[in-house]
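*Asks:*
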Amino acid sequence: MPQTPTSSELAVSVPPQQQGPLLSVRGLKTQFRLDEGLLRAVDGVSLEVQRGQTIGVIGESGCGKSMLARSLMGLVRPPGRVAGGELLLDTGEGPVDIAKLDPTGAQMRRIRGRHIAMIFQEPMTSLSPVHTIGAQIAELALLHRTHDRAEARTVTEDALARVGMPDPRRAYGQYPHELSGGLRQRAMIAMALTGQPELLIADEPTTALDVTVQWQILRLLADLKSQLGMSMLYITHDLGVTAQIADTIAVMYLGRIVEFGRAVDIFERPLHPYTRKLMQAAPAMGKRQARLDVIRGTVPVPINLPRECPFRSRCDHAFEACAQLPALKEVEPGHTVRCFLHHQEVERDD
Ligand SMILES: Nc1ncnc2c1ncn2[C@@H]1O[C@H](COP(=O)(O)OP(=O)(O)OP(=O)(O)O)[C@@H](O)[C@H]1O
Ligand SMILES: [Mg+2]
């Protein structure tokens, strides 16, 4: 007799491989028009997010990680704007360029939550202080999942249970301030998952928590990701975290991807001098403090910078060619680097 799969077996089954990436980011530029000049927060980022893939986005403060995330969500606020590029999202009915949609329009509001959702470092970015956790999640359940109020309550309690809320019924009626930091973070994750997004963007969701809770949340996200078969973009400045959660790594510097590849390749063969410095600066196992002194200087503010290698001013290996901008080149299958040291011949990014 054929075995009927249990609901938990069904939950872990990965969706069938569909053709093409879930999201193609092509030449994304996000800029702020300031009195001081044009600030290039994201300056020509291209990457593909495959179904079920977890990309760890890593880089120092100010490298453009959050602006990349906010651009994908249509959450860039003036004076910032997405100034160029394409964000092709496969919605199941062919790719839609979400960079061209009105960020406040109905179509983008549906995509946000249903296709792409985001969790932030500070849960109060998405939780309202004046409504109960249950009311906030149920509202999203009514938007994305059901028109029935009783069912929305069930969906909400299930979501709270799924993220490990000790008492989902009680949490339903609580206000965010009544929960600990770790539980608030769990509530925000439940909220982000309500629309059953295909891509979850996590922007440093654990940095405000103490170390034990950080690892619990990381574990939870890894479990949810594999249960739900989502893709994830996990933003962090902590290489140890990417080692735990990411299968692919994008290293960002000054609004650009400078190295991209499978996590094993990046950890075994980091090629860009910036990636190597980040690895040297990573805290030793069991130590909390990163050795930031390893990378000399600070990330410049990306206003009126010359079109040269973005890392030139801080690099120990810079030579004449670095006065031009290197192209992001594939050096082994799936491993690309933006550095002339690893180009057979100088290839600029024009
Ligand atoms: N609202 C804003 N107005 C002006 N400039 C901004 C604004 N938000 C970000 N920037 C600038 O955009 C660039 C990228 O910032 P972003 O917040 O994306 O960095 P990040 O990599 O997320 O850093 P962190 O690790 O500190 O979160 C920085 O130079 C930053 O100063
Ligand atoms: Mg940030």
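Start counting the sequence shown at 66; every next residue gets the next number (my numbering). Glycine included, C-beta positions come from ideal geometry on N, C-alpha and C.
#1: Would you kindly work out how many angstroms separate the C-alpha atoms of GLY399 and MET189, rounded to a whole number?
#2: Quick check on DSSP: helix, strand or coil for LEU104?
#3: Is GLN309 near LEU336, with beta carbons less than 9 Å apart?
#4: Going by Cα to Cα distance, which pick from LEU258, LEU289, VAL161 and GLY159 is closest to LEU208?
#5: Around the Cβ of PRO143, are there at least 16 other Cβ atoms within 10 angstroms (buried) or fewer (exposed)?
#6: Does any CB atom of chain B fall closer than 9 Å to the CB of LEU390?
#7: Nearer than 8 Å: is that true of the beta carbon of ILE300 relative to any heavy atom of ligand 2?
#8: In terms of residues, what are the limits of the alpha helix (DSSP H) holding VAL278?
#9: Using the rule of at least 16 other Cβ atoms within 10 Å of the residue's Cβ for burial, across every protein chain shown, is PHE384 buried or exposed?
#10: Counting beta carbon pairs with one atom in the segment 171-185 and one in the segment 118-128, are three or more of them shorter than 8 Å?
#11: Pull the bridge partners of ARG98 from the DSSP assignment, please.
#12: With a threshold of 7 Å on Cβ separation, who are the neighbours of GLN118 within its own chain once the five nearest residues in sequence on each side are excluded?
#13: Relative to the C-alpha of ARG210, which residue among ALA386, PRO262 and TYR237 is closest?
#14: Mind the definition here: the segment 144-164 touches the segment 234-252 only if three or more C-beta pairs lie below 8 Å; say whether that holds.
#15: TYR299 and LEU289: beta carbons closer than 9 Å?
#16: Using DSSP with H/G/I as helix, E/B as strand and the rest coil, what is ARG146?
#17: Taking THR169 as the reference, which of ALA182, VAL276 and GLY139 has the closest Cα?
#18: May I ask you to list the residues that DSSP assigns as paired with ARG177?
#19: Does ARG361 come out as helix, strand or coil in the three-state DSSP assignment?
#20: Quick check: does the Cβ of GLU395 come within less than 8 Å of any heavy atom belonging to ligand 2?
#21: Per the DSSP calculation, LYS130 is bridged to which residue(s)?
#22: Identify, in the order they occur along the chain, each residue of the same chain with its Cβ nearer than 8 Å to the Cβ of HIS212, setting aside the five sequence neighbours on each side.
#23: Helix, strand or coil: how does DSSP classify GLY247 here?
#24: DSSP on VAL79, reduced to helix/strand/coil?
#25: Below 8 Å, is the gap between the Cβ of GLU269 and the nearest heavy atom of ligand 2?
#26: Near ligand 1, which residues have their beta-carbon less than 5 Å from any of its heavy atoms, given in chain order?
#27: In this structure, does DSSP put GLU222 in helix, strand or coil?
#28: Pair every Cβ in the segment 321-334 with every Cβ in the segment 83-101, then say whether three or more of these pairs are closer than 8 Å.
#29: Less than 6 Å between C-beta atoms, sequence neighbours within five positions excluded: which residues of the same chain meet that for ALA267?
#30: Label GLU397 either buried or exposed according to how many other C-beta atoms from any shown protein chain fall within 10 Å of its C-beta, with 16 as the threshold for buried.
#31: Within 10 angstroms of the Cβ of ALA106, are there 16 or more other Cβ atoms? Answer buried if so, exposed if not.
#32: What number of angstroms, rounded off, separates the C-alpha of ASP303 from the C-alpha of ASP162?
#33: If you measure between the beta carbons of MET132 and SER191, is that distance less than 9 Å?
*Replies:* Once the coordinates are examined:
#1: 38 Å
#2: strand
#3: no
#4: LEU258
#5: exposed
#6: Considering every chain present, this structure includes no chain B. It has just one protein chain.
#7: yes
#8: 276-293 is the span of the alpha helix (DSSP H), which, as asked, contains VAL278.
#9: exposed
#10: no
#11: LEU103
#12: Same-chain partners within the cutoff: SER296, ASP312 and THR313.
#13: Looking at ALA386, PRO262 and TYR237, the one whose alpha-carbon comes closest to that of ARG210 is PRO262.
#14: no
#15: no
#16: strand
#17: GLY139
#18: Paired residue(s): ILE181.
#19: coil
#20: Relative to ligand 2, the beta carbon of GLU395 is positioned no closer than 8 Å to any heavy atom.
#21: For LYS130, which the question treats as bridged, DSSP gives no partner whatsoever.
#22: none
#23: Correct three-state label for GLY247: helix.
#24: In this prediction, VAL79 scores a pLDDT of 43, lower than 50, which makes its location untrustworthy; the coordinate-derived value is nonetheless stated afterwards. Shown here, VAL79 sits in coil according to DSSP, grouped into three states, outside any helix or strand.
#25: yes
#26: PHE97, ALA106, SER126, GLY127, CYS128, GLY129, LYS130, SER131 and MET132
#27: helix
#28: no
#29: ILE184 and TYR299
#30: For GLU397, the number of other beta carbons within 10 angstroms of its own is below 16, and it is reported as exposed.
#31: buried
#32: ASP303 and ASP162 have their C-alpha atoms some 31 Å from each other.
#33: no
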